[in-house]
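Those protein sequences? They're chains A and B, same order as listed. Numbering follows numbering that gives the first Met the number 0, in which position 148 of the first sequence is assigned residue number 147; successive positions increment by one, without gaps. Numbering follows numbering that gives the first Met the number 0, in which position 279 of the second sequence is assigned residue number 278; successive positions increment by one, without gaps.
There are 2 protein chains.
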Amino acid sequence: MRDADRRTIIAGLGAGLAVAASTACAAPRGRKIGYAIVGLGRYAELIMSKFAECDQSRLVALVSGTPEKLTRFGEKYGIPASHRYSYADFDRIRDNPDVDVVYVILPNALHAEYTVRAAKAGKHVMCEKPMAVSVAECRTMIAACRAAGRKLMIGYRSRFEPYNQLAIDLAKKGFVGPTRIITADHGFNAQPNQWRLDRKWSGGGSLMDIGIYSLNATRYLTGEDPVEVSAIESTDRSDPRFATVEDRISFLLRFPSGIEATCVSSYSSNHNMYRVTGTQGWIELEPATAYEGQAMRIRRDGRTEAQSVPVPKGQHAGQLDHFAGCILNGTDPLVPGEEGLADMRVIEAIYRSAREGRRITLG
Amino acid sequence: MRDADRRTIIAGLGAGLAVAASTACAAPRGRKIGYAIVGLGRYAELIMSKFAECDQSRLVALVSGTPEKLTRFGEKYGIPASHRYSYADFDRIRDNPDVDVVYVILPNALHAEYTVRAAKAGKHVMCEKPMAVSVAECRTMIAACRAAGRKLMIGYRSRFEPYNQLAIDLAKKGFVGPTRIITADHGFNAQPNQWRLDRKWSGGGSLMDIGIYSLNATRYLTGEDPVEVSAIESTDRSDPRFATVEDRISFLLRFPSGIEATCVSSYSSNHNMYRVTGTQGWIELEPATAYEGQAMRIRRDGRTEAQSVPVPKGQHAGQLDHFAGCILNGTDPLVPGEEGLADMRVIEAIYRSAREGRRITLG
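In structure tokens:
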């Protein structure tokens with residue numbers, strides 16, 4: 000849709016955006032919170048580039064098992080040798096007062112270990128999603144951070160993305176009537192030979208990596224946790240990519256208010272959208288959870304129109320600054336460990352439903 | 000999307016459309032097949048108006064329990080009193096040589112009875128979907144028509160609609176790569192006080208009436224029958240509309256080739272779309288199965304574009320003339336009773352899955 004075609008059909012849109020903006024960026028302050036990045040893979044590379052957009056966050060330390068990466072990124076971002084750690088060295092980070100937060104961007108199976116070690120080192124923890132590879136691990140991580148008196152936040156970046164924030168706000172206000180159905184589809188064509196495709200490191204296939212966006216969206220768009228879960232998996236085990244993890248796993252959710260969600264998770268086709276359908280129309284994002292380029296369409300009163308939203312700050316910087324603000328102000332993060340745990344409970348139920356061929360009821 | 004924005008991104012589109020056109024309308028012939036319409040409700044009213052577009056079909060008789068309707072529509076369409084029947088009179092239709100086809104547009108629970116009576120009267124039968132209210136009834140109807148040596152076709156009008164025909168053709172050709180996922184959503188806000196909401200007449204709720212479009216689309220877009228079915232129902236039984244039938248019933252299907260489908264069926268929100276996602280992109284119709292106004296978007300090579308298709312003949316007239324052509328030429332209908340039976344088998348599995356909380360396997 001071209002800019003010339005975009006129209007605003009939302010009455011009182013300003014209010015919604017004000018809410019969005021207040022979550023996305025807080026006022027600059029004197030002190031900046033120092034982040035150590037653990038795991039210097041591709042996503043970490045993106046995150047490191049985003050500190051330049053931040054008001055309250057700065058990159059102060061690096062942790063990697065690859066000396067060449069420590070040197071390369073250390074030089075690129077001006078991180079002195081004293082602030083570069085190997086995994087063996089990692090626990091020494093407790094002695095570095097510049098580090099306030101350890102941001103865990105490791106393969107999923109390592110999230111729990113490094114979150115616990117970071118908490119024990121007295122650091123706050125930001126951990127990528129999926130939070131871990133089991134509910135049990137999530138509980139351990141939450142307990143460790145609580146015991147250490149440190150904050151824990153999960154990297155649900157979409158919560159700091161203005162289109163998603165507006166969709167949540169409109170759904171909550173019943174802009175298209177009370178929500179009845181949510182459809183949420185996420186997937187991509189997985190490239191072979193990566194840790195995501197090795198269950199030992201990933202804990203699972205498309206659901207752990209990309210389907211979690213469908214799941215998490217249904218939860219933040221409803222503000223509820225599902226009470227019924229049903230799933231069907233489809234995996235071609237002769238495809239070398241899927242020797243240990245699932246390809247497609249579609250799932251249905253029923254929420255306490257009666258809302259139903261139908262969700263796609265795929266490692267063999269591209270999907271990135273959700274639609275919230277109420278009694279009077281729908282709100283759609285496509286792409287919904289990409290790094291950028293979100294597009295919204297709203298159908299109401301029989302008309303479908305695109306809806307533009309200003310994006311004052313990228314979602315990655317918004318996420319980093321949000322957690323920094325929580326630490327500076329002593330407030331709770333929007334997406335704490337409990338949020339990651341809630342997703343993981345449903346993920347385990349989805350896998351169990353697909354495996355056992357039955358509907359799983361969640362309390 | 001405005002006409003100026005529409006583009007053709009389909010190479011070899013002409014071939015696809017030629018296929019579509021050949022199914023939608025055949026060359027006019029001398030003799031026209033005579034239809035009797037049974038049940039003069041709102042949909043029948045629409046159908047009666049469509050004979051004016053037909054080349055091989057004509058309206059010759061009416062059957063209703065309401066004398067006023069027989070008079071009103073009889074006069075409107077020039078049907079003489081001798082060709083107007085009550086339900087008690089219905090079997091006398093055997094003596095009317097002008098009637099080739101009986102088109103059953105009654106409440107679902109009456110489809111089987113009138114199809115069998117029509118076959119026994121020596122008439123070919125067109126029956127609205129859902130074909131009946133059980134697999135057992137579908138089998139009885141097929142057997143009755145076979146025993147009478149008469150043809151049976153189910154009113155799956157979308158098969159005669161050019162956008163749907165092109166979508167089928169493109170999916171079959173792998174225009175966006177082999178199909179991996181289908182999402183199909185259908186629903187509307189049901190008005191109270193109608194036979195659709197009375198299980199005695201409808202046999203079920205949204206699934207029987209509108210969700211069947213989601214189901215049937217997944218079958219015609221794949222050319223396969225699902226082997227696994229899983230469903231979750233959500234019905235507010237305190238809503239007077241849903242005292243005896245379900246509101247929402249979402250379902251998942253897995254097909255022999257591995258394709259997964261996620262489907263919405265709703266009586267409390269508006270949905271009319273499907274999307275076929277392959278490894279390289281997707282083909283979407285929205286609306287997909289409306290009476291008119293279909294719109295197609297195709298995503299391929301990272302671009303999303305609208306796709307126009309000529310509509311030389313409306314789907315209703317196309318359907319009527321197709322069956323007339325089958326009778327004139329002695330060929331089999333595109334959507335025979337077996338097609339209705341195949342849907343009904345899945346519908347029964349969907350209901351059973353929702354009721355019993357387990358995945359149903361179909362042989």
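Glycine is no exception: its CB is placed at the ideal position from the N, C-alpha and C atoms. The structure displayed is predicted, hence computed values, not measured ones.
How far does the alpha helix (DSSP H) with residue i in it extend, from its first residue to its last?
i: Asn107(A); result: No alpha helix (DSSP H) contains Asn107(A), which DSSP labels as neither H nor E.
i: Ser201(A); result: Arg198 to Ser201
i: Asp168(B); result: Pro161 to Lys172
i: Leu45(B); result: Arg41 to Lys49
i: Met343(B); result: Gly336 to Glu355
i: Ile209(A); result: Ile209(A) -> no alpha helix (DSSP H), and no H or E assigned at all.
i: Cys137(A); result: Val134 to Ala147
Any beta-carbon of chain A closer than 7 angstroms to the one on residue i?
i: Glu337(B); result: no
i: Asp235(B); result: yes
i: Ala25(B); result: In this predicted model, Ala25(B) has a pLDDT of only 46, less than 50, meaning its place in the structure is not dependable enough to derive any value.
i: Ile346(B); result: no
i: Ile167(B); result: no
i: Tyr249(B); result: What sits at residue 249(B) in the sequence shown is Ser, not Tyr. With 7 angstroms as the cut-off, Ser249(B) counts as an interface residue toward chain A.
i: Ile282(B); result: no
i: Thr276(B); result: yes
i: Gly362(B); result: no
i: Asp342(B); result: no
i: Ile180(B); result: yes
Specify, as a first and last residue, the run of the beta strand (DSSP E) that residue i falls within.
i: Glu304(A); result: Arg302 to Gln306
i: Asp184(B); result: Thr178 to Gly186
i: Glu232(B); result: Glu227 to Ser233
i: Met130(A); result: Element bounds for Met130(A): n/a, residue is neither H nor E.
i: Gly280(A); result: Gly280 to Leu284
i: Met295(A); result: Met295 to Arg299
At least one CB of chain B closer than 7 angstroms to the CB of residue i: is that the case?
i: Ser265(A); result: yes
i: Glu291(A); result: no
i: Gly356(A); result: yes
i: Gly38(A); result: no
i: Ser229(A); result: yes
i: Glu259(A); result: yes
i: Ile349(A); result: no
i: Ser213(A); result: no
i: Ser268(A); result: yes
i: Arg302(A); result: no
i: Arg253(A); result: yes
For residue i, which residues does DSSP report across the bridge?
i: Ile36(A); result: Leu61(A) and Tyr102(A)
i: Ser256(B); result: Per DSSP, none; premise fails for Ser256(B).
i: Gly73(B); result: According to DSSP, Gly73(B) bridges with nothing at all.
i: Val244(B); result: DSSP, once it has assigned bridges, lists no residue as partnering Val244(B).
i: Met125(B); result: Tyr102(B) and Met152(B)
i: His270(B); result: Gly186(B)
i: Arg83(B); result: Leu61(B)
i: Ser157(A); result: Bridge partners of Ser157(A): none, in fact.
i: Ser265(A); result: Gly186(A)
i: Phe322(B); result: None, per the DSSP bridge assignment.
i: Val275(B); result: Ile181(B) and Ile282(B)
i: Leu251(A); result: Ser229(A) and Thr261(A)
i: Gly360(A); result: Going by the sequence as given, residue 360(A) is Thr instead of Gly. DSSP output for Thr360(A) lists Glu227(A) as bridge partner(s).
Between the Cα of residue i and the Cα atoms of the options, which residue gives the shortest distance?
i: Ser237(A); options: Asp246(A), Ala230(A), Ile231(A) and Ser229(A); result: Asp246(A)
i: Tyr212(B); options: Pro129(B), Arg149(B) and Glu355(B); result: Pro129(B)
i: Val334(A); options: Ala305(A), Leu327(A) and Asp342(A); result: Asp342(A)
i: Val115(A); options: Gly222(A), Ser133(A) and Asp90(A); result: Asp90(A)
i: Gly29(B); options: Arg344(B), Asn328(B), Gly317(B) and Gly313(B); result: Asn328(B)
i: Val228(A); options: Lys49(A), Arg351(A), Ala51(A) and Gly77(A); result: Arg351(A)
i: Tyr219(A); options: Lys171(A), Glu232(A), Gly362(A) and Cys325(A); result: Lys171(A)
i: Lys199(A); options: Ile181(A), Thr243(A), Glu223(A) and Thr182(A); result: Thr243(A)
i: Val98(B); options: Lys75(B), Arg57(B) and Thr330(B); result: Arg57(B)
i: Cys137(B); options: His185(B), Gly324(B) and Ala111(B); result: Ala111(B)
Check the C-beta distance from residue i over to residue j and give it rounded, since I have them as a contact under 8 angstroms.
i: Val62(B); j: Tyr84(B); result: 4 angstroms
i: Leu364(B); j: Gly301(B); result: With chain B running from 0 to 362 in the structure shown, residue 364(B) is simply not present.
i: Ala147(A); j: Met140(A); result: About 11 angstroms; that fails the 8 angstroms criterion.
i: Tyr155(B); j: Val37(B); result: Rounded, the Cβ-Cβ distance is 18 angstroms, inconsistent with contact.
i: Asn271(B); j: Ala289(B); result: 6 angstroms
i: Arg354(A); j: Ile258(A); result: Actually they are not in contact, since the Cβ atoms of Arg354(A) and Ile258(A) sit about 25 angstroms apart, beyond 8 angstroms.
i: Ile32(A); j: Val124(A); result: That belief does not hold up - the Cβ atoms of Ile32(A) and Val124(A) are roughly 13 angstroms apart, past 8 angstroms.
i: Thr261(B); j: Cys262(A); result: 7 angstroms
Consider the C-beta atom of residue i and the heavy atoms of the ligand GTP; say whether any pair is separated by less than 6 angstroms.
i: Asn269(B); result: The ligand GTP is absent from the structure shown, which contains no ligands of any kind.
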